[in-house]
Each structure stands twice: as C-alpha cells, then as structure tokens.
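Residue numbers (this note's numbering): 48 to 186.
Cβ coordinates follow ideal geometry from the N, Cα and C atoms, glycine included.
What follows is a short report on a single structure.
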C-alpha cells in the first residue's frame, strides 16, 4: 500500500457522493420539451395547414437516466472495490499505533498535527508523519 493510494480514500468517497448528486439532478430535471409539426394533405377538399405538436421527450430522458445510472454504478463499483482494499489493508497493520495514525490521517482526513494530538504520547505532526512513512516504505 502506498500513501498515494491511501490519499485516494477520501476522494473516492467524494466521487460516490458526487455521482449520487448527479443522478438526483438528472432525475429532477425531467424530460426536455420537444415539438414537431405536420402538414395536411393538399388533396381536394382539404386545406393546406400546419399543426404543431408539443410534448415531452421521454425516450431521451430515459436514455439519459439509464446512461447516468450505468456510469454511476460502474464508478461506484470501482470506488467500493478500492475502498474495501484500503480498509482490508489497514486491518492487516499489526502495530495499533501505526494503524491509528493511518486511520486518522487517511480515513478521517485529519492534518498531521491533529493526528499527533489524537494519538497522544507527546507525538508531533512530523513524528507521526515520519512513522507512517517509515512503515509504508518497509511494508
């Protein structure tokens, strides 16, 4: 596991939230209005005139919703897979001190100073950052 991959955890959560919002927005938007016109026949005794037909384009709306749902589901599946991999890896960290540091930093999104305060023991932001960097480089 790398720090770069761990940093993706919060971005993956944000991505799933954004995709959910996009889907809700598309559903709220509703179908687009559409119009068409037809002309009557020019045969006797019919008069030539145009009739305008207005309505909602439900086909395009449903295609758009299905496309968004498909893309959202694909992204959600990828994100869920990566999130699970990260969570599983964190669970395998033997050292509870390092496990806490990694969880506070990458899962909870704390700054290094906040991580040091949460971990306690007179740690500084630099000391917890270096401890996790050492652990990641060794494992």
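Looking only at its chain, what residues have a beta carbon closer than 7 angstroms to the beta carbon of residue 149, apart from the 5 residues adjacent to it on each side?
Here residue 149 corresponds to residue number 102 of the chain shown, with the count starting at 1. If we look at residue 149 and ignore the five residues flanking it on each side, its Cβ neighbours are 53, 137, 140, 179.
Check whether the Cβ atoms of residue 66 and residue 123 lie closer than 8 angstroms to each other.
Along the chain shown, read from residue 1 onward, the residue named residue 66 stands at position 19. Along the chain shown, read from residue 1 onward, the residue named residue 123 stands at position 76. Here residue 66 is near residue 123, since their CB atoms are less than 8 angstroms apart.
Can you tell me where the alpha helix (DSSP H) with residue 174 in it begins and where it stops?
Along the chain shown, read from residue 1 onward, the residue named residue 174 stands at position 127. DSSP places residue 174 inside the alpha helix (DSSP H), whose first and last residues are 172-185.
Proximity to residue 72 [Cα-Cα], best of 170, 115, 157:
Taking the chain shown and counting its residues from 1, the one referred to as residue 72 is at position 25. Per the Cα distances, 115.
Rounded separation between residue 154 and residue 120 - CA only
Numbered from its first residue, the chain shown carries residue 154 at position 107. Numbered from its first residue, the chain shown carries residue 120 at position 73. C-alpha separation (whole angstroms): 23 angstroms.
Give the straight-line distance between the Cα atoms of residue 55 and residue 168, rounded to the nearest whole angstrom.
To locate residue 55, count along the chain shown from 1; it is residue 8. To locate residue 168, count along the chain shown from 1; it is residue 121. Those two C-alpha atoms are separated by around 28 angstroms.
Is the beta carbon of residue 183 closer than 8 angstroms to that of residue 63?
In the chain shown, the residue the question calls residue 63 occupies position 16. In the chain shown, the residue the question calls residue 183 occupies position 136. One thing to note: residue 63 has its Cβ no nearer than 8 angstroms to the Cβ of residue 183.
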